[in-house]
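Protein chains in written order, with our numbering: chain A, 63 to 500; chain B, 63 to 500.
For glycine and all other residues, C-beta sits at the position ideal for the given N, C-alpha and C.
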């Protein structure tokens with residue numbers, strides 16, 4: 063059995079998982095692949111640091127650029143994360159004719175065009191299953207399993223930290239800040255949580271999913287993106303009363319006129335599989351023209367789940383090696399070889415065109431006529447009310463939450479109505495808008 | 063853009079779906095693949111028969127063997143079903159150096175060893191995503207996405223007809239026979255339903271899943287296989303009272319000592335994703351060492367869902383064509399090239415070793431002391447009772463159903479106890495045994 067030497071950039075959590083998984087399943091992988099995989103070099107910042115991986119110290123190097131151009135190395139695994147130096151190193155490895163496997167959604171979301179184009183020119187592959195939902199093979203499902211079908215909609219829970227926080231808030235009735243601190247203590251959330259709770263991480267993943275599903279090159283900033291910080295336990299309880307669960311969604315759909323991509327918390331019917339996807343789990347519901355609805359659910363983050371995806375990609379790349387340098391459609395439904403036509407990239411549509419039902423929580427003063435003012439403005443914008451709940455105000459004189467669930471309405475009109483409502487003197491703070499995904 | 067000529071064996075429901083899907087998504091597939099796919103020849107029994115597919119009559123032939131050896135054809139799609147002549151034709155195509163794509167679980171379950179060995183020798187690929195759960199990319203998930211992980215258990219609903227019948231029985235309280243006739247009228251069940259309702263079809267699929275997940279070569283007759291016919295609406299209602307839904311499961315697990323494969327209706331906790339998989343939907347829950355639990359759900363049968371899988375495989379094979387004849391691990395985790403080591407096939411374990419909780423429905427005469435006899439025999443076999451329900455007998459003197467839910471017990475002991483109980487003069491008919499999957 064011959065050995066395929068690979069290089070590793072980064073030996074943190076995911077990198078250590080890769081080393082461990084390759085060791086644990088060495089014989090099985092060799093049997094499946096007909097070759098052994100060997101980590102020839104691993105680039106780290108500080109070789110002295112204690113690590114979770116047991117890798118021969120002689121394999122460690124502080125020179126990642128040397129790993130990328132090492133003629134003995136066939137495949138480069140990038141698990142360092144972040145934009146730079148990951149971008150420069152990936153491009154160097156590609157230019158040196160290496161296939162690359164990356165777990166880095168951030169660099170692909172921001173520099174995917176450049177990286178995929180370089181790979182196509184060099185006729186090497188870029189695999190990135192680990193960049194979206196960890197070990198859940200959603201990239202494979204879209205890139206291969208549904209390559210024959212036309213995708214119409216993706217609705218997913220792609221950020222485990224956000225899902226953990228909303229699940230805990232709903233189960234325990236505790237506020238966002240408190241649950242976030244608990245998540246940070248448990249290691250489910252970063253010290254700076256904004257990537258997770260403000261939807262940035264989910265936006266990066268959605269950029270990749272949108273490219274793959276619709277051919278659309280989306281800049282992360284083109285995504286309608288809202289975080290979780292304004293959702294309260296009271297919202298979760300009220301949503302439950304209406305038959306919904308609030309979930310951190312990433313959605314992209316093509317309604318025939320174009321693609322709309324958005325990341326925000328949304329109300330999901332309680333019996334929907336996404337409503338039942340709890341804790342740190344991820345799930346993606348895909349609707350395609352011929353297959354209809356399919357669902358993929360699993361652990362989207364963590365050392366070993368992410369390592370599963372990295373090593374699966376590595377095996378896949380190695381399967382192609384004997385015949386390599388003929389890229390199998392590197393990324394994003396990209397054409398497999400220079401000169402082939404580009405995929406039909408679907409145009410973007412304006413987020414204002416979105417039509418759905420809305421959950422609106424107004425912080426209205428507990429005074430006569432306030433409800434009349436709010437509902438009049440909604441009516442003038444052709445937003446009709448399906449249900450309205452006015453809770454008693456918590457203390458005399460303090461704002462009383464009024465919650466409205468609308469019939470389907472146009473985002474543009476809802477935003478215009480809220481701009482007026484939030485300027486009313488009787489409204490104490492900005493209205494909370496949550497979309498209903500049905 | 064160049065054209066890849068392929069041959070089609072069979073132009074029934076699935077074949078027509080393949081033709082339609084290729085036509086509908088022609089441009090998108092060409093963009094993804096960098097080549098056009100063209101059905102050069104389609105072998106049918108009767109060219110005059112009206113069909114759902116619009117294919118140039120000149121492409122139809124009644125000579126499938128000629129399609130298999132046609133030098134112009136690169137890939138053969140087998141969608142005729144059944145064991146023969148499918149087996150002979152697949153072997154002929156493989157011998158002629160064609161890659162093959164098949165939707166035929168039956169021929170692979172019974173002759174997979176022969177077909178995969180022939181493909182390995184000829185260095186061509188056998189793709190069969192459509193043979194298990196139609197368009198749901200479960201084969202891809204196991205073969206590629208989890209190639210890096212060690213699979214411990216698969217629990218799936220892999221037969222849509224069975225799931226439809228049990229769902230309708232539960233929802234409408236109607237008996238098996240009546241629901242089966244309705245399913246036949248609606249086209250969800252065949253005139254001869256035994257493949258579906260007796261677990262044969264699920265057994266074929268489980269054979270393929272077991273080979274892929276555990277390397278184990280399983281003959282369909284080695285599967286513990288029980289059908290649905292004895293389940294009644296009363297069982298579904300009682301199960302619901304205990305917090306369960308009865309689902310048609312296919313299960314394979316490796317507990318470290320070996321693999322046990324079984325197909326039977328089972329009680330599933332009401333909150334389990336499998337319990338919520340209703341109607342004709344399929345779902346598979348996979349547990350693997352590093353990723354943990356992942357779930358795949360979608361439409362497992364029907365013209366277009368099955369065609370999605372066939373064409374996805376076709377695209378995959380075509381992606382490899384420029385570099386072809388170096389099989390990418392044809393099937394079953396098989397070694398990719400002659401001479402490589404075989405995967406570690408896990409041994410089988412005895413179904414008697416199964417340990418789980420049981421739902422037992424006794425048809426006991428409504429007479430004093432009967433319950434004592436039944437419970438004494440259970441006790442003597444170390445089967446302890448978790449819950450017991452005795453319903454009033456429907457008419458004076460007629461047998462009264464007694465339902466017992468046990469604590470975890472050993473299958474071997476339960477079967478021994480039932481053999482004695484069913485011989486008691488006070489027991490009117492064989493006890494119904496259902497396993498509880500938790």
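Cβ atoms of residue j and residue i: under 8 Å apart, would you say?
i                      : j                      : result
residue 289 of chain B : residue 261 of chain B : yes
residue 497 of chain B : residue 95 of chain B  : no
residue 287 of chain A : residue 265 of chain A : yes
residue 449 of chain A : residue 486 of chain A : no
residue 170 of chain B : residue 190 of chain B : yes
residue 137 of chain A : residue 163 of chain A : yes
residue 339 of chain B : residue 355 of chain B : no
residue 257 of chain B : residue 342 of chain B : no
residue 475 of chain B : residue 447 of chain B : no
residue 134 of chain A : residue 111 of chain A : no
residue 304 of chain B : residue 467 of chain B : yes
residue 139 of chain B : residue 376 of chain B : yes
residue 461 of chain A : residue 425 of chain A : yes
residue 279 of chain A : residue 175 of chain A : yes
residue 270 of chain A : residue 194 of chain A : yes
residue 143 of chain B : residue 168 of chain B : yes
Between the Cα of residue i and those of the options, spot the shortest distance and give me the residue it belongs to.
i                      : options                       : result
residue 148 of chain B : B/133, B/137 and B/173        : B/173
residue 499 of chain B : B/423, B/218, B/483 and B/160 : B/218
residue 274 of chain B : B/457, B/411, B/178 and B/440 : B/178
residue 259 of chain A : A/476, A/112, A/243 and A/272 : A/243
residue 429 of chain B : B/490, B/440 and B/331        : B/490
residue 336 of chain B : B/229, B/465 and B/452        : B/229
residue 72 of chain B  : B/300, B/121, B/234 and B/427 : B/121
residue 451 of chain A : A/160, A/297 and A/210        : A/297
Please classify residue i as buried or exposed, where buried requires at least 16 other C-beta atoms within 10 Å of its C-beta.
i                      : result
residue 205 of chain B : buried
residue 114 of chain A : exposed
residue 378 of chain B : buried
residue 364 of chain A : buried
residue 125 of chain B : exposed
residue 116 of chain B : exposed
residue 423 of chain A : buried
residue 78 of chain B  : buried
residue 473 of chain B : buried
residue 328 of chain B : buried
residue 80 of chain A  : buried
residue 299 of chain A : exposed
For residue i, which three-state DSSP category applies?
i                      : result
residue 278 of chain B : coil
residue 350 of chain B : strand
residue 431 of chain B : coil
residue 445 of chain A : coil
residue 452 of chain A : strand
residue 67 of chain A  : strand
residue 294 of chain B : coil
residue 201 of chain B : helix
residue 135 of chain B : coil
residue 315 of chain B : strand
residue 3 of chain B   : Because chain B spans 63 through 500 in this model, residue 3 of chain B falls outside it and cannot be assessed.
residue 176 of chain A : helix
residue 150 of chain A : helix
residue 80 of chain A  : helix
residue 229 of chain B : helix
Going by DSSP, which residues form a beta bridge with residue i?
i                      : result
residue 309 of chain A : A/328
residue 287 of chain B : B/325
residue 359 of chain B : A/357 and B/345
residue 472 of chain A : A/417
residue 498 of chain A : A/329 and A/419
residue 99 of chain B  : B/66
residue 489 of chain A : A/426
residue 189 of chain B : B/163
What residues from chain E crowd round residue i, counting only those whose CB sits closer than 8 Å?
i                      : result
residue 369 of chain A : Annotation note: the requested chain E is absent from the structure, which comprises protein chains A and B.
Examine the ligand NAD and report whether any of its heavy atoms sits within less than 7 Å of the Cβ of residue i.
i                      : result
residue 379 of chain B : The model on display carries no ligand, and the ligand NAD is accordingly not part of it.
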